[in-house]
Amino acid sequence: MRRSSFEHYLSAKIKRRNLLIGAGGFLGFTIASQWSHKVLAQPKFSAYPFTLGVASGDPLPDGVVLWTRLAPDPINGGGMPQENILVRWQLAADENMKKVVQKGFAVASPELAHSVHVDVQGLEPDRVYWYQFKVGNELSPIGRTRTAPALRTPVSQLNFAFASCQEYQSGFYTAYKFMAEEDLNFVVHLGDYLYEGGISTSPTRVREHNSPEIITLEDYRNRYALYKSDADLQASHAAFPWIVTWDDHEVDNNWAGFVPEDPDRQSPEQFLLRRRAAFQAYYEHMPLRLKSFPTSDDLRLYRRFAFGDLAYFHVLDTRQYRSDQVCLQTFPSAPDCPDRLDPSLTMTGKEQEEWLFKGLARSPARWNVLAQQIWFGQIDYQPGTEKAFNMDQWDGYPAARQRILDFIENRRPSNPVIITGDWHSFCVQDIKKDFNDPISETLATEFAGTSISSLCPWAPNVQANLSENPHVKFFNGDVRGYISCQITRNTWRSDYRVVSTTANRDAATIRNIASFIVTSGQPGAQKI
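So for the sequence shown, the UniProt record's numbering puts the first residue at 1; every next one is plus one.
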């Protein structure tokens, strides 16, 4: 039986933590509780253990992460014994799982909510595989995944979709049903995978959260289980590898670094504990490699993915390292203030910013994608000579944004495109050298996706002030869906995909509300 690189890597980690290594595999690791030596190979379950489905992620040319979590009673703590459970996995070249190319085992430990992260390596580039887990006599659903093309090799086309913002109570995840039917290489999720709030009192809600606002590790685990129980979300996870990053609601609305939304209600010590719990639960439920495991109050999410010579994806984290928001924020915007211009304000932190610049400078790809959470382009919410901005977006950190724009202008990385979530609305922006000068040079293009289900009550505020923002090519905050992209050597096409309803998953249909194209060497989007 071949042992995966994940098992080797994690074994080394465990040894450094003075934990027990079992023969032929690892026995998990502990966060803050007692280590259990016992491993159950034939556990008995109260119900089917794979209720949360399967997923894969972080595709590389030679490998991918496989994920599942054992949870026969998913929203009530998982329903698992406080024991380590042996989980077998296998990867095949066919959907019937007959042509097995790798197999092995992992251990699902209670310390990680009986989640499993298998980092499979030694695979062929740009290849479709199927995978499955087995525990005792129970088999998981079969998932489909795909490796990235080999580094620097010629690639003629790449298809992917990106999505964000899936508030459970606001609607069904109908968009994911249609996404799962597309021919995609991978999916990018740009944050707000879950929402931390309590049970909504809105009469328009279609389903309910399972608890008041979540605070503890158990709270976050149960909320992830609730969200991941959705069949359409599971279908999209099982169809493609996902590349994920977070925004604010995975922890706390509008959090910034070590500062919560409401510091008058959460002490620094309380928020630190909450942040740690949220970080761990996020890792437990996402198909991430061990190097993203949260340590020393940090969960490393900014990372880079190469798809041959066609596209490099620079995945950013604009929450964990940012400065606190300045100016008195009124929703959805605040009057401009001098503090906003402080050059010390950072959205990414110095280390991540330098990492981004080095990656852009060295990239040999035709297209360079900044996959990040919040609107990058400037949006002025105030008509006339006065200005008002959303201080939680890049408008609240203009010096940090300008450093990126200056880098793009001076170093000219090939075809920069920014993909964005957060604001529950579709948008296309030409990214200007100077947003206050409509005829200044266009340096990049931003495609912003609407939400999967979350509503956009501030859409009229944006719509009313579009004349103040001539670089905005398209805006619609009234619809739900995702963006499907096709990249070739000469063009980038973004299709704005809209579901007819999120209130009735059986009656929903999907259509393109708009399509835009960027031509290589010509930044800026054109409607087609």
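Where a beta carbon is used, it is the ideal one built from N, C-alpha and C, also for glycine.
Status (buried if at least 16 other CB within 10 Å, exposed otherwise) for residue i
i	result
Phe-178	buried
residue 556	The requested residue 556 does not occur in the structure, where the chain is confined to residues 1 to 528.
Leu-52	buried
Gly-421	buried
Tyr-131	buried
Ser-344	exposed
Asn-410	exposed
Asp-94	exposed
Leu-466	exposed
Tyr-48	exposed
Leu-226	buried
Ser-454	buried
Thr-204	exposed
Gln-34	With a pLDDT of 34 at Gln-34, under the threshold of 50, the predicted position of this residue should be treated as unreliable, and no value is reported.
Gln-373	buried
Ile-528	exposed
Ile-199	exposed
N- and C-terminal bounds of the beta strand (DSSP E) containing residue i
i	result
Leu-60	54-60
Glu-468	Run containing Glu-468: none; DSSP gives neither H nor E here.
Leu-86	84-92
Lys-103	100-108
Ala-281	Not the beta strand (DSSP E): Ala-281 falls in the alpha helix (DSSP H), residues 268-285.
Lys-134	128-135
His-189	186-189
Trp-394	Note, Trp-394: premise wrong, no beta strand (DSSP E); not H, not E.
Gln-373	It is not in any beta strand (DSSP E) - Gln-373 carries neither H nor E in the DSSP assignment.
Glu-182	First-last for Glu-182: undefined, no H or E at that position.
Glu-167	Segment: none, Glu-167 is in no beta strand (DSSP E) and carries neither H nor E.
Leu-443	442-448
Arg-304	303-307
Rounded distance between the beta-carbons of residue j and residue i, thought under 8 Å
i	j	result
Pro-398	Leu-360	Rounded, the Cβ-Cβ distance is 20 Å, inconsistent with contact.
Pro-287	His-117	7 Å
Pro-72	Ser-46	5 Å
Thr-450	Phe-426	5 Å
Val-428	Phe-447	6 Å
Tyr-173	Ile-452	6 Å
Pro-438	Pro-416	Not a contact, Cβ separation roughly 20 Å.
Arg-140	Ala-180	Arg is not the amino acid found at residue 140; the sequence shown has Ser there. That pair is no contact at about 17 Å.
Which of helix, strand or coil DSSP assigns to residue i
i	result
Tyr-312	strand
Gln-415	The sequence shown places Asn at residue 415, not Gln. Coil.
Ser-515	strand
Trp-423	coil
Gly-384	coil
Asn-368	strand
Asp-252	coil
Trp-242	strand
Tyr-482	strand
Pro-523	strand
Gln-329	coil
Leu-194	coil
Ser-200	coil
Asp-119	strand
Lys-432	strand
Ala-334	strand
Ser-494	strand
residue 529	This structure does not reach residue 529, given that the chain is present from 1 up to 528, and the question cannot be answered.
Phe-293	coil
Asn-476	strand
Thr-509	coil
Ile-408	helix
residue 566	Nothing can be reported for residue 566, as the shown portion of the chain is limited to 1 through 528.
Ala-400	helix
Endpoints, alpha helix (DSSP H) assigned at residue i
i	result
Ser-236	231-239
Leu-356	350-362
Gln-218	The question names Gln, but residue 218 in the sequence shown is Glu. Here the alpha helix (DSSP H) through Glu-218 covers 217-228.
Leu-145	A small correction: the amino acid at residue 145 is Thr; Leu does not occupy that position in the sequence shown. Per DSSP, Thr-145 belongs to no alpha helix (DSSP H); it is in the beta strand (DSSP E), 143-146.
Phe-178	174-179
Within 8 Å, do at least three Cβ pairs link the region 243-255 to the region 179-196? By the Cβ rule, the region 179-196 counts as touching the region 243-255, because three or more pairs are nearer than 8 Å.
Indicate whether the contact test is met: 3 or more Cβ pairs, each with one atom in the region 377-395 and one in the region 505-517, closer than 8 Å. The region 377-395, when compared against the region 505-517, does not touch it at the 8 Å Cβ threshold.
Contact between the region 362-369 and the region 307-316 is defined here as three or more beta-carbon pairs at a separation below 8 Å; is this criterion met? With a cut-off of 8 Å, the region 307-316 and the region 362-369 count as touching, because enough Cβ pairs lie within range.
Indicate whether the contact test is met: 3 or more Cβ pairs, each with one atom in the region 111-122 and one in the region 442-460, closer than 8 Å. Under the three-pair Cβ rule at 8 Å, the region 111-122 does not count as touching the region 442-460.
For the region 402-409 and the region 434-447, state whether three or more C-beta atom pairs, one from each stretch, are separated by less than 8 Å. With a cut-off of 8 Å, the region 434-447 and the region 402-409 count as touching, because enough Cβ pairs lie within range.
Any chance the region 476-486 sits against the region 150-162, with 3 or more Cβ pairs inside 8 Å? With three or more CB-CB distances shorter than 8 Å, the region 476-486 counts as touching the region 150-162.
Any 3 or more C-beta pairs closer than 8 Å across the region 223-242 and the region 54-63: Pairwise C-beta distances place the region 223-242 in contact with the region 54-63, as three or more of them are shorter than 8 Å.
With a threshold of 8 Å, are at least 3 pairs of Cβ atoms found where one atom belongs to the region 107-116 and the other to the region 76-87? Judged by Cβ distances under 8 Å, the region 107-116 makes contact with the region 76-87, as three or more pairs qualify.
Contact the region 205-224 vs the region 266-283: 3+ CB pairs below 8 Å: Flag = yes, the region 205-224 and the region 266-283 touch.
Contact between the region 147-157 and the region 327-345 is defined here as three or more beta-carbon pairs at a separation below 8 Å; is this criterion met? No, the region 147-157 does not touch the region 327-345.
So, does the region 513-521 touch the region 492-500, judging by three or more C-beta pairs under 8 Å? Put simply, the region 513-521 touches the region 492-500. At least three CB pairs are less than 8 Å apart.
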